[in-house]
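S.K.: Here you go, one structure.
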Amino acid sequence: MIDFIQNTVDGVMFGSSYALLAIGFTIVFGVMRRLNLAFGASIMLGAYMGTWLHVHYQVHVLVVAVTTVACTVLVGIYVERLCFHAVRRDAALASMVSSFVIWMQLEEAAIHLLPERTYAFPGLFAAGSYEAGPFLFRTEQTAMLLLAAVMVGALHLLLHRTRFGLALRATSENPLAAAYMGIHRTWTVLCAFVLMSLAGGVAGFAILATDQQITPFFGLWATFKGLIAMMLGGMGSLPGAILGGLLLGVVEAHALWYLGAEYRDLSAFLLLFAMLVSRPGGLLGQRILSREELAFRRV
Amino acid sequence: MLALSGVEKRFGALAALDGIDLAVEIGDVLGIVGPNGSGKTTLLNIVTGVYPPTAGRVAFQDTDITGWAGHRIARLGIARTFQNIRLFPTMTVFDNVWAAQHGRVSGGLFGLLRSRPAAGCGDARRVDEVLEQVGLLGDREVLAKHLPLPARRRLEIARTLAVDARLLLLDEPAGGMTPAETADMARLIHEVVAPGRTCVVIEHKMALIAGVCSRLCVLDFGRKIAEGPPDRVLADPRVRQAYLGGEGEPDA
Numbered sequence: 056m057i058d059f060i061q062n063t064v065d066g067v068m069f070g071s072s073y074a075l076l077a078i079g080f081t082i083v084f085g086v087m088r089r090l091n092l093a094f095g096a097s098i099m100l101g102a103y104m105g106t107w108l109h110v111h112y113q114v115h116v117l118v119v120a121v122t123t124v125a126c127t128v129l130v131g132i133y134v135e136r137l138c139f140h141a142v143r144r145d146a147a148l149a150s151m152v153s154s155f156v157i158w159m160q161l162e163e164a165a166i167h168l169l170p171e172r173t174y175a176f177p178g179l180f181a182a183g184s185y186e187a188g189p190f191l192f193r194t195e196q197t198a199m200l201l202l203a204a205v206m207v208g209a210l211h212l213l214l215h216r217t218r219f220g221l222a223l224r225a226t227s228e229n230p231l232a233a234a235y236m237g238i239h240r241t242w243t244v245l246c247a248f249v250l251m252s253l254a255g256g257v258a259g260f261a262i263l264a265t266d267q268q269i270t271p272f273f274g275l276w277a278t279f280k281g282l283i284a285m286m287l288g289g290m291g292s293l294p295g296a297i298l299g300g301l302l303l304g305v306v307e308a309h310a311l312w313y314l315g316a317e318y319r320d321l322s323a324f325l326l327l328f329a330m331l332v333s334r335p336g337g338l339l340g341q342r343i344l345s346r347e348e349l350a351f352r353r354v
Numbered sequence: 021m022l023a024l025s026g027v028e029k030r031f032g033a034l035a036a037l038d039g040i041d042l043a044v045e046i047g048d049v050l051g052i053v054g055p056n057g058s059g060k061t062t063l064l065n066i067v068t069g070v071y072p073p074t075a076g077r078v079a080f081q082d083t084d085i086t087g088w089a090g091h092r093i094a095r096l097g098i099a100r101t102f103q104n105i106r107l108f109p110t111m112t113v114f115d116n117v118w119a120a121q122h123g124r125v126s127g128g129l130f131g132l133l134r135s136r137p138a139a140g141c142g143d144a145r146r147v148d149e150v151l152e153q154v155g156l157l158g159d160r161e162v163l164a165k166h167l168p169l170p171a172r173r174r175l176e177i178a179r180t181l182a183v184d185a186r187l188l189l190l191d192e193p194a195g196g197m198t199p200a201e202t203a204d205m206a207r208l209i210h211e212v213v214a215p216g217r218t219c220v221v222i223e224h225k226m227a228l229i230a231g232v233c234s235r236l237c238v239l240d241f242g243r244k245i246a247e248g249p250p251d252r253v254l255a256d257p258r259v260r261q262a263y264l265g266g267e268g269e270p271d272a
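In C-alpha cells:
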C-alpha cells in the first residue's frame with residue numbers, strides 16, 4: 056500500500072511536466088485546430104542552446120533555464136512562421152506534415168551545435184530527497200511540480216482574466232466571428248505559439264534538470280508524451296491536458312515499479328489505445344455532439 | 021457612406037453577383053431582399069471582407085476597402101451578424117459582448133493584459149447597457165450555448181451594438197423564428213438598433229422588412245432589379261414576378 060501511494064505521488068510529480076507539454080499542444084490545437092509535431096524538437100533545440108552555454112562557458116543553471124525557455128520561444132515562432140503562417144489556412148495536413156519536416160531540420164541543427172550524442176544537463180539542485188513519514192520525495196521532482204503549478208496558474212489567469220486571453224478564447228471558439236470583431240487572427244495564432252513554447256520550455260527544463268542529461272531524442276520523447284497526455288485528457292481542453300498529464304505520469308510510475316523500466320513507455324501507448332477505443336474524445340473532450348450542437352458550432 | 025460600384029462575384033461559371041451598384045447613406049435602414057440564391061449573403065460577405073469581389077469596388081466613407089482583410093474592415097466600424105449564428109458557445113453572454121469590444125481597445129501589451137472589467141466600471145457598464153437594450157441582462161452569466169435561438173440572435177445583435185459600429189449589417193436576423201419571435205425581433209431592430217444608426221438588413225420575411233426598412237433593394241440572380249421605398253418596390257410587377265413567382269404571399 057505504501058508502495059502504491061509512493062508511486063502515485065511520484066507519478067503526479069513527474070506527470071506535472073507531461074501536463075505542461077499537453078497544455079502546449081492543446082493551446083495551439085484550440086486556436087487553429089492544428090497539431091504542431093515540431094513542438095518537442097523546438098524544446099530540444101532550445102535546451103541544446105542552454106546546454107551549449109553550459110558546456111562552453113559553464114554558466115549558472117539559472118542562465119541555462121532562461122536560455123532554454125527563451126530559445127524554445129524563438130524556435131516556436133520560427134516554426135509558426137514557416138509551417139503554419141505560410142501554409143494556406145485550409146491546408147491542415149500540409150502544415151502538420153511541414154511541421155514534421157521542420158522537426159528533422161531542428162534535430163540537424165542541434166547535432167551541429169553539439170555533435171556528441173549525450174551531454175550533461177545541469178540540475179537545479181544537487182540530487183537530494185527528503186522524507187515525510189514513510190514517504191520519500193525527490194527535491195528536483197518537487198520543484199518540477201511547483202514550477203508546473205505556477206505555470207498552470209499563470210496561464211489560467213492569462214486566459215480567463217485578461218483581454219488577451221479573451222481574444223485567444225474567442226478565436227478558438229469561432230475564428231470567423233472573432234475576426235469580424237476586429238481580433239487579428241495572425242497575431243493571436245502567433246501568441247498561441249509563444250504560450251505553447253513557454254509552457255514547453257519550462258517543462259523541458261524541469262524534465263532535463265531532473266534527468267541531468269540531454270540527447271537529440273528528447274524532441275521525439277517530448278512530442279510523444281505531450282501528444283499522448285493531450286489525447287488522454289481531450290484535445291483542446293485545458294483541464295483535460297492537466298488531467299491527462301497527471302494520469303500518464305501515474306500509470307507510468309506504476310508500470311515502472313511493478314513491471315520494470317522497459318514497460319514504462321509501452322504502458323503509455325496501451326493506455327492511449329484503451330482510451331481511444333473506449334472514449335475517443337478523451338476524458339474531458341467533447342462527446343459526440345447532438346445535431347443541434349453541431350449546427351451551432353459549425354464554423 | 022457605403023458605396024458599391026460594379027461589384028461582381030463569380031464562383032466558377034456561376035455569377036453570384038453581376039454588376040451591383042448600391043449606395044447606403046447615413047441613417048438609412050436598407051433592406052436587401054430576394055429569393056434564395058439571389059446573392060444577398062454574397063454581397064454582405066464582400067462588404068465585410070470574407071472574400072474579395074471578382075470585379076468592382078467597395079468604398080466605405082470614401083476609403084476604398086476592396087479586398088481588405090475582415091479584421092481591418094471591422095476596425096473601420098462595420099459590424100455584422102451571421103445567418104448561421106456565430107457566437108462563442110462556451111463563453112458567457114457577458115464575455116461574448118466583451119470580446120466584441122476587443123477590436124476597439126488599443127494600448128498595446130498593457131491594454132491586452134488588462135483584466136476582465138469589474139462590475140460597475142466603464143467597460144462593464146457599457147456591456148451591461150447593451151445587454152439590457154436587447155433584453156439579455158438577466159442572462160449575463162449564462163453560457164451562450166445554453167440560450168434558445170431567438171436569444172442567440174439577440175446576443176449577436178448585442179455584440180454589434182457594443183462595438184459602436186458606424187454601419188451594421190444584419191444577415192437574416194429573424195431566420196428560423198416563429199411569427200411571434202419575428203415580431204419581437206422587428207420591434208427590437210426598429211426601436212433599439214435602427215435609431216441613430218445606419219443598417220443593412222438581409223431578410224425575406226416581409227413582416228420584418230415592412231416594419232423596419234426605409235428603403236429596399238431587390239436582388240434576383242445576382243442583379244439588382246428594383247430599389248426604392250418599400251411600398252413602391254413591393255408593388256413593382258417585376259419584383260412580384262421574381263420574388264413571389266407571380267403568385268401568393270411571401271412567407272411571413
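Those protein sequences? They're chains A and B, same order as listed.
Quick note: the first sequence uses our numbering, first residue 56, plus one each step.
Quick note: the second sequence uses our numbering, first residue 21, plus one each step.
Heads up, the beta-carbon is just placed ideally off N, CA and C, and yes, glycines get one too.
Would you call the stretch 192-212 of chain B and the stretch 167-177 of chain B in contact, with 3 or more CB pairs under 8 angstroms?
M.R.: Yes: the two stretches touch, three or more of their Cβ pairs being nearer than 8 angstroms.
S.K.: Could one say the Cβ of B:Val-183 lies closer than 8 angstroms to chain A's Cβ atoms, at least one of them?
M.R.: yes
S.K.: Using a Cβ cut-off of 7 angstroms, pull out every chain A residue sitting near B:Ala-262, in sequence order please.
M.R.: Within chain A, no residue comes near B:Ala-262; the closest Cβ sits about 30 angstroms away, beyond 7 angstroms.
S.K.: Taking Cβ to Cβ, would you say B:Leu-22 is nearer than 8 angstroms to B:Phe-80?
M.R.: yes
S.K.: Look up B:Ser-58 in the DSSP assignment and say whether it is helix, strand or coil.
M.R.: coil
S.K.: By the three-class DSSP mapping on this structure, what secondary structure does B:Cys-282 have?
M.R.: Nothing in the structure corresponds to residue 282 of chain B, since chain B is present only between 21 and 272.
S.K.: Starting from A:Tyr-185, trace the beta strand (DSSP E) in both directions and tell me its first and last residue.
M.R.: 184-187
S.K.: With 8 angstroms as the threshold, decide whether the Cβ of B:His-210 is near any Cβ in chain A.
M.R.: no
S.K.: Looking at the C-beta of A:Arg-89, does it have a partner C-beta in chain B at a distance below 8 angstroms?
M.R.: Closer than 8 angstroms: no.
S.K.: Apart from the five residues just before and just after A:Leu-204, which ones in its own chain have a Cβ nearer than 8 angstroms to its Cβ?
M.R.: In the sequence on display, residue 204 of chain A carries Ala and not Leu. Hits under 8 angstroms: Ser-71.
S.K.: How many whole angstroms separate the CB atoms of A:Gly-2 and A:Val-119, which I take to be in contact at a CB cut-off of 8 angstroms?
M.R.: The requested residue 2 of chain A is not part of the displayed model; chain A covers only 56 to 354.
S.K.: Whose CA, out of A:Ile-57, A:Pro-271, A:Gly-291, lies closest to the CA of A:Ile-166?
M.R.: A:Pro-271
S.K.: According to the neighbour-count rule (16 or more other Cβ atoms, all chains shown, within 10 Å of its Cβ), is A:Thr-173 buried or exposed?
M.R.: exposed
S.K.: Looking only at DSSP bridge pairs, what is B:Cys-35 linked to?
M.R.: The sequence given here has Ala at residue 35 of chain B, not Cys. According to DSSP, which records beta bridges pairwise, B:Ala-35 is partnered with B:Arg-30.
S.K.: On the premise that A:Leu-90 lies in contact with A:Ala-254, defined as a C-beta separation below 8 angstroms, what is that separation, rounded to the nearest angstrom?
M.R.: About 15 angstroms separates the two Cβ atoms, so there is no contact after all.
S.K.: For A:Ser-150, count neighbouring C-beta atoms within 10 Å of its own C-beta (all shown protein chains included) and say buried if the count is 16 or more, exposed if not.
M.R.: With 16 or more Cβ atoms within 10 Å of its Cβ, A:Ser-150 is classed as buried.
S.K.: Going by DSSP, what residues sit across from A:Val-306 in a beta bridge?
M.R.: None; A:Val-306 has no bridge partner.
S.K.: Taking C-beta pairs closer than 9 angstroms, name the residues in chain B that A:Arg-224 reaches, listed in chain order.
M.R.: Phe-108, Thr-110, Met-111, Asp-115, Ala-119
S.K.: List the residues of chain B that A:His-239 touches, going by C-beta distances under 7 angstroms, in chain order.
M.R.: His-91
S.K.: Give me the Cα-Cα distance between B:Ala-33 and A:Ala-277, rounded to the nearest whole angstrom.
M.R.: 50 angstroms
S.K.: List the DSSP bridge partners of B:Ala-246.
M.R.: B:Val-238
S.K.: Is B:Ala-171 close to chain A? Criterion is C-beta to C-beta, closer than 8 angstroms.
M.R.: no
S.K.: Please compile the residues from chain B whose C-beta is within a distance smaller than 7 angstroms of the C-beta of A:Met-159.
M.R.: For a Cβ distance threshold of 7 angstroms, nothing in chain B lies close to A:Met-159: the least Cβ distance comes to about 33 angstroms.
S.K.: With DSSP run on the structure shown, which of helix, strand or coil describes B:Ile-222?
M.R.: strand
S.K.: Scan the stretch 55-68 of chain B for residues whose Cβ lies nearer than 7 angstroms to a Cβ of chain A and list them as they occur along the chain.
M.R.: Near chain A, meaning a CB-to-CB distance below 7 angstroms, the residues of the stretch 55-68 of chain B are Thr-68.
S.K.: For chain B, is any of its Cβ atoms less than 8 angstroms away from the one on A:Leu-231?
M.R.: Taking Cβ atoms only, chain B reaches closer than 8 angstroms to A:Leu-231, which makes this a yes.
S.K.: Per DSSP, B:Val-44 is paired with what?
M.R.: B:Leu-22
S.K.: Does the distance between the C-beta of B:Arg-179 and the nearest non-hydrogen atom of the ligand ZN fall short of 7 angstroms?
M.R.: Absence of the ligand ZN is noted for the structure shown, with no ligands found whatsoever.
S.K.: Who pairs with A:Tyr-174 in a beta bridge, going by DSSP?
M.R.: Answer is A:Ile-269, bridged to A:Tyr-174.
S.K.: A:His-140: which of A:Val-332, A:Met-330, A:Val-257, A:Val-83 sits nearest, CA to CA?
M.R.: A:Val-83
S.K.: Using a beta-carbon distance below 8 angstroms, is B:Ala-178 in contact with chain A?
M.R.: No, because no Cβ of chain A sits closer than 8 angstroms to the Cβ of B:Ala-178.
S.K.: So, is A:Leu-344 buried or exposed, given that buried needs 16 or more other C-beta atoms within 10 angstroms?
M.R.: Its pLDDT being 47, under 50, A:Leu-344 is placed unreliably in this model, and the coordinates cannot settle the point.
S.K.: Which residue comes first and which comes last in the beta strand (DSSP E) that contains A:Ala-8?
M.R.: No answer is possible for residue 8 of chain A: it lies beyond the span of chain A, which begins at 56 and ends at 354.
S.K.: Since I believe B:Val-27 is in contact with B:Gly-76 (beta carbons under 8 angstroms), could you give me their beta-carbon distance rounded to a whole number of angstroms?
M.R.: 4 angstroms
S.K.: Cβ closer than 7 angstroms: which chain B residues qualify as neighbours of A:Ala-125?
M.R.: Listed along chain B is no residue with a C-beta nearer than 7 angstroms to that of A:Ala-125; the closest approach is about 17 angstroms.
S.K.: Would B:Phe-102 pass as an interface residue toward chain A - the criterion being a Cβ-Cβ separation below 8 angstroms?
M.R.: yes
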